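Asks: So for the sequence shown, this note's numbering puts the first residue at 1; every next one is plus one.
Where is the CB? At the ideal position from N, CA and C, for every residue including glycine.
Please read these numbers as outputs of a predicted model, since none were measured by experiment.
Here you go, one structure.
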Amino acid sequence: MESKSRIIGFLIGLVLIGTACSPDVEPLRQGRGENPQETTVQEPSQAPSDSSSINWSAYLFGPTHSSRNSNTKAITATNASDLTEEWQWAPEPPSQEGQPPSQLFASPTVFDGTVYIGVNSGDFYALDEATGTVRWKQFLGFLEQNESCGRRGTTSTATVAEDPKTGEPTVYVGAADGNLYALNAASGDTRWKSFVVSPQEDGHNWSSPTVMDGRVYVGVASHCKSTVRGGVKEYDQATGRLLETYWTVPKGVIGGSVWSSVAAASNGKSIFVSTGNGDLNGGDPGDSFSVVRLKARTLTKEDIWTAPLEGTDLDFGASPTLFSARINDETTPMVGACNKNGRFYAFRQKNLSAGPAWEVEVSGKWPNDGNCLGAAIWDSDRERLFVSGAQTTVDGKSHRGSIREVNPATGAFLWELGLPGVVWGSPSMNGNNIIAVPSFDTDPSAERAVWLIDANDGSMVETLDTADNPVFSQPVFADNYLFVATVGGGLIAYKLEF
């Protein structure tokens, strides 16, 4: 699992270089904070809400990771060119020695008129959806620079869900101090916090929490080089009590980090995990380089497929997506995830060990020829699957990024669009066939923007200006907005002017 921190560190370094050397890149803004208080596959419905808000309440939209909000229909292929910047917000600069810059790598979460987002400085913010005004801020800690790893704050994307006992909206997020936090959504006060991984051992909460049936699931990962034993932990949603742990490698062994986010089947019976690489210095790789099915609640391993990549840094960086396919005239539950070798692997959920039902190359290999870190989009209404990636070839021509529609049963490309910038983050989709694809690229000739694509045919609809700032986070469709968290230029809210 050297990869995640290497990638984010690589991004930070390139952005810093670009800021210092290029007049076209906006200066990085940096932030500070306050001390916390101690104390058939269908996307499940969002957390209950008393308002008419159209929320995006979790990373990749929800537990099955569809990355599609079917209820947001304001933006269409015909009016996308009329989108304007409603507001732009930048986090405060750091105030403590050694504090990381206030860059945005986590994606925004939107619930009942409030936008929640963590910052690389270690701050976590709640913003007014309509104005970008700060409602509250909570400092959740950061990791200082050491011999192996760079500075790091909050990279986990929050989930907002109602507390199963009180019914009050609660924010669940992993922090750089090694804890999983449950925060009062209205005030930011800490309801509970629970230990996940030791930052003193260079562990870090990369994984975004998944909330399902009164449980919170989160991956256990190293910060950069493999230093901890990877796994998945399950907590009681109401109390934060640790209930179960699945370890990817044997006791006494390091590696197998889970720095992606786990997916949960909508029936609540199964959890799907994509795992990182084993210890590159040797040792039992265990369940590294794998896609794993666990029994919900007990975290008992039920099935596994391991990619033949032992001894490399080519692990599963993308979170799994649950979808379905018509195979042999039967609707088959599927799960798919992209590997840093540039291949998207699709499996029958009930038979991972049989190997991929299909696999397809969507990018070159990390670190020199490409990468594939983004999760797929699943449109359950029309049974469509979309995958993105970095450097690739489309119609015999090289491109720095791409988005494709693939047949969910075979992996055959139905359409493909080459893009003028590297795509490392996850794309998203609204209910009117608009796909938003983020670009992270620091090559002077590349384009840094968010592209809006017509899902029907793969045509380019609009290019959203991010002031030349790269975007690693997932764009988010909520209410009538499209929210884009840029690495160094803050959070931008785009909206149609009616």
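If you draw a straight line from the C-alpha of Ile117 to the C-alpha of Ala126, how long is it?
Replies: 7 Å
Asks: When DSSP labels each residue in this structure, what does Glu129 get in the three-state scheme?
Replies: coil
Asks: Compare the Cα-Cα distances from Asn281 to each of Gly256, Val335, Ser95 and report the closest residue.
Replies: Gly256
Asks: Are the CB atoms of Thr210 and Ala296 nearer to each other than 7 Å?
Replies: It is not a contact, given that the beta carbons lie outside the stated cut-off.
Asks: Answer yes or no: do Gly425 and Val360 have a C-beta to C-beta separation smaller than 7 Å?
Replies: no
Asks: By how many angstroms is the C-alpha of Ser445 removed from the C-alpha of Asp189?
Replies: In this model, Asp189 and Ser445 are separated by some 45 Å (Cα to Cα).
Asks: May I ask you to verify whether the stretch 296-308 touches the stretch 342-356, counting CB pairs closer than 8 Å and requiring at least 3?
Replies: Contact holds: three or more Cβ-Cβ distances are below 8 Å.
Asks: Taking the CB atoms as reference points, tell me whether Thr142 and Gly150 lie closer together than 7 Å.
Replies: The displayed chain sequence assigns Phe, not Thr, to residue 142. It is not a contact, given that the beta carbons lie outside the stated cut-off.
Asks: Which class does Ala158 belong to by DSSP, given the choice of helix, strand or coil?
Replies: Coil, per DSSP.
Asks: With a threshold of 16 other CB atoms inside 10 Å of the CB of Asp379, please say whether the residue is buried or exposed.
Replies: buried
Asks: Within 10 angstroms of the Cβ of Pro250, are there 16 or more other Cβ atoms? Answer buried if so, exposed if not.
Replies: Counting Cβ neighbours within 10 Å, Pro250 comes out exposed, since fewer than 16 surround it.
Asks: Can you give me the C-alpha to C-alpha distance between Trp136 and Val262, rounded to a whole angstrom?
Replies: Going by the C-alpha atoms only, they are around 28 Å apart.
Asks: Apply the 10 Å Cβ neighbour rule to Phe483 and answer buried if 16 or more other Cβ atoms are within range, or exposed otherwise.
Replies: buried
Asks: Determine the extent of the beta strand (DSSP E) in which Gly418 is found, giving its start and end residues.
Replies: 413-419
Asks: Examine the ligand FAD and report whether any of its heavy atoms sits within less than 6 Å of the Cβ of Val232.
Replies: Questions concerning the ligand FAD fall outside what the structure shown contains, since it holds no ligand whatsoever.
Asks: Could you tell me the boundaries of the beta strand (DSSP E) in which Gly231 lies?
Replies: Its beta strand (DSSP E) spans residues 231-236.
Asks: Using CA atoms only, rank isn't needed, just tell me which of Asn351, Asp213, Glu144 is closest to Gly203.
Replies: Glu144
Asks: May I have the straight-line CA-CA distance separating Pro44 from Phe272, to the nearest angstrom?
Replies: In this prediction, Pro44 scores a pLDDT of 47, lower than 50, which makes its location untrustworthy; the coordinate-derived value is nonetheless stated afterwards. If you take the alpha carbons of Pro44 and Phe272, they lie about 16 Å apart.
Asks: If you drop the 5 nearest sequence neighbours on each side, which residues of the same chain put their C-beta closer than 7 Å to that of Trp148?
Replies: The residue you asked about is not Trp; residue 148 is Ser in the sequence shown. Here the set comprises Asp202, Cys224, Lys225.
Asks: Which of the three DSSP states, helix, strand or coil, is assigned to Asp315?
Replies: coil
Asks: For Leu352, does the three-state DSSP call read helix, strand or coil?
Replies: helix
Asks: Report all residues from its chain with a CB closer than 8 Å to the CB of Thr109; omit the five preceding and five following residues, and keep chain order.
Replies: Trp56, Ser57, Ala58, Tyr59, Val115, Tyr116, Ile117, Thr157, Ala158, Thr159, Val160, Val171, Val476
Asks: Check whether the Cβ atoms of Arg229 and Trp247 lie closer than 7 Å to each other.
Replies: Cβ atoms of Arg229 and Trp247: closer than 7 Å.
Asks: What's the call for Ser22, buried or exposed, on a 16-neighbour Cβ count within 10 Å?
Replies: Any reading at Ser22 must be qualified, since the residue scores a pLDDT of 28, below 50, and its modelled position is unreliable; no value is offered.
Asks: List the residues that DSSP assigns as beta-bridge partners of Gly401.
Replies: Leu419
Asks: Tell me the residue span of the beta strand (DSSP E) that contains Ala478.
Replies: 476-478
Asks: Taking 7 Å as the threshold (C-beta atoms), are Asp468 and Arg448 in contact?
Replies: yes
Asks: Which stretch, first to last residue, makes up the beta strand (DSSP E) that contains Glu501?
Replies: Any question about residue 501 goes unanswered here, given that the chain covers just 1 to 498.
Asks: Along the chain, where does the beta strand (DSSP E) that runs through Asn184 open and close?
Replies: Counting along the chain, the unbroken beta strand (DSSP E) around Asn184 starts and ends at 179-184.
Asks: Would you be able to state if there are at least three C-beta pairs under 8 Å between the stretch 87-95 and the stretch 284-293?
Replies: Flag = no, the stretch 284-293 and the stretch 87-95 do not touch.
Asks: Suppose the cutoff is 6 Å on Cβ atoms and the five residues either side in sequence are ignored; what does the same chain contact list for Val422 look like?
Replies: Ala390, Arg400, Gly401, Phe440, Asp441
Asks: Taking the DSSP output, what are the residues bridged to Asp303?
Replies: Answer by DSSP bridge pairing, in chain order: Arg293.
Asks: Nearest to Ala221 by alpha carbon, out of Gly370, Gly174, Asp395?
Replies: Gly174
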